[in-house]
Every structure is written in structure tokens, then in C-alpha cells.
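Just so we're aligned, residue 424 is where the sequence shown starts under our numbering, counting upward by one. Ideal placement from N, C-alpha and C gives every residue a C-beta, glycine not left out. Down below is the structure, laid out as C-alpha cells.
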Amino acid sequence: MLHRTALGSETSRDFCYVGNAVQANILAAVAGGDAVNQVYNMAFAGRTTLNALFVLLRVLVAEVEPYAARVKPIYRDFQPDDVRHPLADISKVRELLSYGPAHSVRDGLAGTLAWYRGGPFELSFDRGWAPRREEGSGRYGRKTAARRFITLLLRAYRQTLGRDRVRNPGLRFPNIWPSRLPRPDK
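As C-alpha cells, then:
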């Protein structure tokens, strides 16, 4: 689904790998003194342009699937209400928790791709798991892609827990859940 990526010129983001967020949460959980009952910005504190992110993803995926090397970005207009270059201030979390991000964007993406390839569920980068093309359109449908993605996430969750069905009475999806997508709690 790399070919569906939409980018906006030199817009940048402050991407944070989940390992960095876990690191900060662990530091916050064991913190004492002034660090208790605080709100922290969690980020990598470095900008990555969407173009650079696209190239990085293309290179990493091409190591597994050579067809990805030929993928070209699709540019879309910049959204007027979007921030072009956000950058989180993590000085408070650095000072109170001695936090320093351990994983770069590249390391995080490489680790994520390795996890997908060797995870507790069957998911590979062959085209067999990609969503089917909508009849006559020649494109992958968003609905189909979203359903397949949710199905894969739920399958991974079930297999990780070793359960046939996911049942969690405390799990509630707010009204912001897109109505066109199947709700995992039903």
C-alpha cells in the first residue's frame, strides 16, 4: 500500500517511535518528587520531511520487496488548517525524567518492518495480503484497505493473547469511529 501514500511538498513532522514513548512512560512510572503528576510532551524532537519519510520507507521496504523501489510519491495539496512544520518541545521531560529518545525514525521504521515480518501472526510483504482492487477501478479501495488493516490488527491482537475472539467489556469505541468501517467491538 506504499503506492497510496499522499505527501505534501516539504511538510515535516516530528515522528516518535513507540519505543521512545514506552521509555518515557516507564521513566514517568518510577519517577518521584517534582516529576509526579505532570503532563509531558512525548516526541523525538527532530523534524522529518514527508519526502524523506517516503524515501526511507521505500528503501526499507525495497529490501524485502524490490517492486517498492519503483514506487513514486503522489502529492496532494497542503491542507490550509494543517501546521507545516510542527516540532514538540520536550525540554520538560528531558529535565524532570532525564528522557532522551533512544530510537531514530529510521531505527523505528526498520524495527517495525522487522516486527511485521517476524511477528506472532502471518503477515508478509508479498502481494497476497494487500487489499483486492475494486471491480473495474484499477485502484485499491479505501474501504477495502481499511477493513483489511483492521482485520490484520485484530488477528494479531487475538493471536498475541491466544484467544479466538476478542471480548473486552471495557473496550468502547467513541462516536468518532468512522461509520463506514466495521467496529471491532461488534
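{"Check": "Distance, residue 451 Cα to residue 528 Cα", "Outcome": "22 Å"}
{"Check": "Of the listed residues 526, 506 and 477, nearest to residue 497 (C-alpha basis)", "Outcome": "477"}
{"Check": "C-alpha distance - residue 480 paired with residue 532, whole-angstrom precision", "Outcome": "7 Å"}
{"Check": "For residue 535, the three-state DSSP class (helix, strand or coil)", "Outcome": "helix"}
{"Check": "Test: residue 448 CB closer than 8 Å to a CB of chain C", "Outcome": "The structure shown contains no chain C; it holds only a single protein chain."}
{"Check": "Uninterrupted alpha helix (DSSP H) stretches inside the segment 436-516 (no shorter than 4 residues)", "Outcome": "441-452 and 473-485"}
{"Check": "Cut-off 8 Å between Cβ atoms - residues of its own chain near residue 446, not counting five sequence neighbours on either side", "Outcome": "522, 524 and 525"}
{"Check": "Presumed contact (8 Å Cβ cut-off) between residue 448 and residue 515, rounded CB distance", "Outcome": "That pair is no contact at about 15 Å."}
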